[in-house]
Structures are given as C-alpha cells and as structure tokens.
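J.:
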Amino acid sequence: MPAASSLLPWFAPRLSRPMIGVLNNLGHEMHYTRGEVLYESPGFFRPLMLVRRGIVARALMDPLHADPLLVSLSGPRALCGSCETLYVQDRMVRRHWCMTSVDVHVVNADLLLRICDQNPLWQRELSNYSAICALSDRLGMLVTHATSLEERLGVLMIASSLSTDSEFLERFRDPSVEWVPLPVLPSMHVAKVLLSANRAKIRGVLQRWLQEDTVRWRSHKILLSRPRFAAFWNRVEPVLRTVAATEPGFPIKMPVRDLELHSEL
C-alpha cells in the first residue's frame, strides 16, 4: 500500500509547511484552465509557482520534434515554473501546461532566493528540490521499464489520485472498500509520454478494464476496483522503496519528512 510519506513516480515532491508559509507571504494567486500553458522557457520572466489545486505537466521539449523528451508532474504543494532553473541556468526549452484546471500561487523567484538565503533550512530545501524531482523522474522510468502497460497505467492513476485527493489514501488502504472513485484521469497526451505507449494501446487497456469490471463508470464518476489496483501498486512498491532508500547522496533527513500525501494545503 502507498506510504504516507513517500516519493511518487513522475510527481515533484511537496514542499515543507515552513517553506509554504514563506511563499504564502509573497506573490499572488492565478487560475488556469485545462490545457492552458502557464510557463515557457527560455524567456525574460522567471515566475516560480506553487500549485494549490490541480496537476501541472512539466515538459522538457525536443527542439526538432513536437512531442516532449520528458514529462513530469506537479500536484498540490509542489512547484512548477522556474523551479528547474533556480540555481543553474540553461537554454533548454521547457513548457508547463495544465493537465487539469489549476490554481497556483505565483512568486518572484529572485526574491524567494534572497529570503531563503537567510535561513539554512529553507536554502537547503530549495537547492535540493531539483535533485529530488530528478529522483521522482527516475522512479517513473523504473516503473515504465519494469512493468506491463496495464500495471504502469494503474500506478499512474493511483499516483495522480494520491497527489490531488487528501482522502484517497485512507479509502485505498481500507480493506472493506471495494470501489474507490478516481479524482482525476491523466490526460492521454501526458500518459502516452510517461508510459511509453501510444494512444491506441492505452485505450485498449481502458476498454479491457471496463469489460472485466476493473473500472466502472457510474453517475459521471470513474470507479476503480480497489483490490485490483492495490495489486498494481504492490507490484512496484518494492522498487520504489529500494530506490528511495539507497539513492546515493539523497537528502533523507530533509525534506522527505514533510512529503505528506494525506495532508491538506
């Protein structure tokens, strides 16, 4: 079963509560609709954004092709925008867009860096953020290469739910619950990149789940068979635990202690 304080494959880590408190005193709120682009680089402005609600897709673009080279995700309490280039500037093309409707808190990155320089813990958390994001991306790659398409699609749906719904973990852990509602369905465009599969194969898995009663459509909601999807997660959980525990140089003491999947913003 998912742990209450673990990294999620593909998803950027959540910030600690003290760091969120710092960001709350800076910037302003913005709302974006599904599919809307909220950040592109290189560019003159370097907005840093804290996701309040929804999921943001963060793509490293291929200059020669339309499809991105790498896609990562940021859910509530995670960063998007200029988080990859806070300390190391480059000319790589990045594009962040809304996989769902999104509320973000926009801050000035340079101002935040100056404030965090006054506190070693804040500075450490911010400087380590990109490294932990890279580890989450690596976990996603391991899931993709170590599992079948059906298993990794199930893991992606669970990870998306854990990131966006504070009550999903409790329902998913309850053995008396047979069906759990899916809070958010990953977009097909994002799923095909993360899972290294084309749209037709992903649709085939979804159709098979409907036929086998693994997934149900009731009252405009998607319901997941908890026992079946728990088996998908259990298939990859040993890999996730091993990598998180043995990654060389990984800052175990901070900020992993603050990555609480079941906490509200």
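Just so it is clear: in the sequence shown, position 162 is 162 by the UniProt record's numbering, and no numbers are missing. Where a beta carbon is used, it is the ideal one built from N, C-alpha and C, also for glycine. Just so we're clear, the structure is a prediction, and the values are computed from it rather than from any experiment.
Could you please give the first and the last residue of the uninterrupted beta strand (DSSP E) stretch that includes E29?
T.: Reading the sequence shown from its first residue, position 29 is the one you call residue 29. Run containing E29: 28–32, per the beta strand (DSSP E) assignment.
J.: Once DSSP output is grouped into helix, strand and coil, what is the label at residue 273?
T.: With the chain running from 1 to 265 in the structure shown, residue 273 is simply not present.
J.: Taking H105 as part of the beta strand (DSSP E), name the residues at either end of that continuous run.
T.: Within the sequence shown, the letter at position 105 stands for residue 105. Where H105 is concerned, the enclosing beta strand (DSSP E) stretches over 102–108.
J.: Would A159 and F11 qualify as a contact pair, given that the criterion is a beta-carbon distance under 8 Å?
T.: The residue labelled residue 159 in the question sits at position 159 within the sequence shown. The residue labelled residue 11 in the question sits at position 11 within the sequence shown. Yes.
J.: As a quick exercise: from I55, M92, G81, R46, pick the residue whose alpha carbon is nearest that of L64.
T.: What you label residue 64 is simply residue 64 of the sequence shown in a count that begins at 1. The candidate whose alpha carbon is nearest that of L64 is M92.
J.: Hey, how far is the Cα of E84 from the Cα of H31?
T.: Locating residue 84 in the sequence shown gives position 84, where the first residue counts as 1. Locating residue 31 in the sequence shown gives position 31, where the first residue counts as 1. When the Cα atoms are used, E84 and H31 turn out to be separated by approximately 22 Å.
J.: Could you tell me which of Q89, V102, D67 sits nearest to L79, measuring between CA atoms?
T.: Stepping through the sequence shown from its first residue, residue 79 is reached at position 79. Per the Cα distances, V102.
J.: Per DSSP, which one or two residues make a beta bridge with R218?
T.: For the purposes of this step, residue 218 is taken as the residue at position 218 of the sequence shown. In the DSSP output, where bridge partners are listed per residue, R218 has K221.
J.: Going by the CB atoms, is the gap between L121 and L182 shorter than 8 Å?
T.: Numbered from its first residue, the sequence shown carries residue 182 at position 182. Numbered from its first residue, the sequence shown carries residue 121 at position 121. No, these two residues do not count as a Cβ contact at 8 Å.
J.: Determine the closest residue to A57 out of E170, V37, R46, P18, with distance taken between C-alpha atoms.
T.: As a first step, residue 57 is located in the sequence shown; it is residue number 57 there, counting from the start. Residue V37 is the option with its Cα nearest to A57.
J.: Looking at T144 and L195, is the spacing between their C-beta atoms short of 8 Å?
T.: For the purposes of this step, residue 195 is identified with residue 195 of the sequence shown, where counting begins at 1. For the purposes of this step, residue 144 is identified with residue 144 of the sequence shown, where counting begins at 1. Contact flag set, yes.
J.: Per DSSP, what kind of secondary structure is E84 in: helix, strand or coil?
T.: The residue you call residue 84 lines up with position 84 of the sequence shown. Residue state, collapsed to three classes: helix.
J.: What are the partner residues of M141, as DSSP defines its beta bridges?
T.: If you number the sequence shown from 1, residue 141 lands on position 141. Beta-bridge pairing links M141 to no other residue.
J.: Are the C-beta of S82 and some C-beta of chain D separated by less than 8 Å?
T.: Protein chains in the displayed structure number just one, and chain D is not present.
J.: For the candidate residues N25, R53, L26, W97, whose alpha-carbon lies nearest to that of Y39?
T.: Taking the first residue of the sequence shown as 1, we reach residue 39 at position 39. Among N25, R53, L26, W97, the Cα nearest to that of Y39 is on W97.
J.: Under the three-state reduction of DSSP, which class applies to M99: helix, strand or coil?
T.: Walking along the sequence shown from the start, residue 99 turns up at place 99. Looking at M99 - three-state DSSP - the assignment turns out to be coil, as it is neither helix nor strand.
J.: Quick one: Cα of A66 to Cα of L162, how far?
T.: Within the sequence shown, residue 66 is the residue found at index 66, counting from 1. Within the sequence shown, residue 162 is the residue found at index 162, counting from 1. Those two C-alpha atoms are separated by around 30 Å.
J.: Taking the alpha carbon of V107 as the point to measure from, which residue in R52, N128, R203 has its own alpha carbon closest?
T.: To locate residue 107, count along the sequence shown from 1; it is residue 107. Measuring from the Cα of V107, the nearest candidate turns out to be R52.
J.: Considering only DSSP beta bridges, list what F11 is partnered with.
T.: Counting from one through the sequence shown, the residue named residue 11 turns up at place 11. Answer is L73, bridged to F11.
J.: Once the 5 residues before and after I20 are set aside, which same chain residues still bring their CB inside 6 Å of it?
T.: Counted from its first residue, the sequence shown places residue 20 at position 20. Cβ neighbours of I20 beyond the five flanking positions: none.
J.: Measure the CB-CB distance between I115 and V184 and report whether it falls below 8 Å.
T.: Position 115 of the sequence shown, counted from the first residue, corresponds to residue 115. Position 184 of the sequence shown, counted from the first residue, corresponds to residue 184. Cβ atoms of I115 and V184: not closer than 8 Å.
J.: For A159, is the beta carbon positioned less than 7 Å from some heavy atom of the ligand COA?
T.: By its list of ligands, the structure shown contains no ligand whatsoever, and the ligand COA lies outside what it can speak to.
J.: Can you say whether L233 is buried or exposed, counting buried as having 16 or more other CB atoms within 10 angstroms of its CB?
T.: Here residue 233 refers to the residue found at position 233 of the sequence shown. According to the sequence displayed, residue 233 carries Trp and not Leu. Its Cβ being crowded by 16 or more others within 10 Å, W233 is buried.
J.: Can you give me the Cβ contacts of G27 inside the same chain, cut-off strictly under 6 Å, excluding the 5 residues immediately before and after it?
T.: The count along the sequence shown starts at 1 and reaches residue 27 at position 27. Excluding residues within five positions, the ones whose Cβ falls inside 6 Å are H105, V106, V107.
J.: Is it buried or exposed for S35, if we count other Cβ within 10 angstroms and need 16 for buried?
T.: Residue mapping note: residue 35 aligns to position 35 of the sequence shown, counting from 1. Reading off the sequence shown, one finds Gly at residue 35, where the question assumed Ser. Burial call: exposed.
J.: Based on Cα-Cα distance, which residue from H189, S127, M99 lies nearest to R199?
T.: Here residue 199 is taken as the residue at index 199 of the sequence shown, counted from 1. It is H189.
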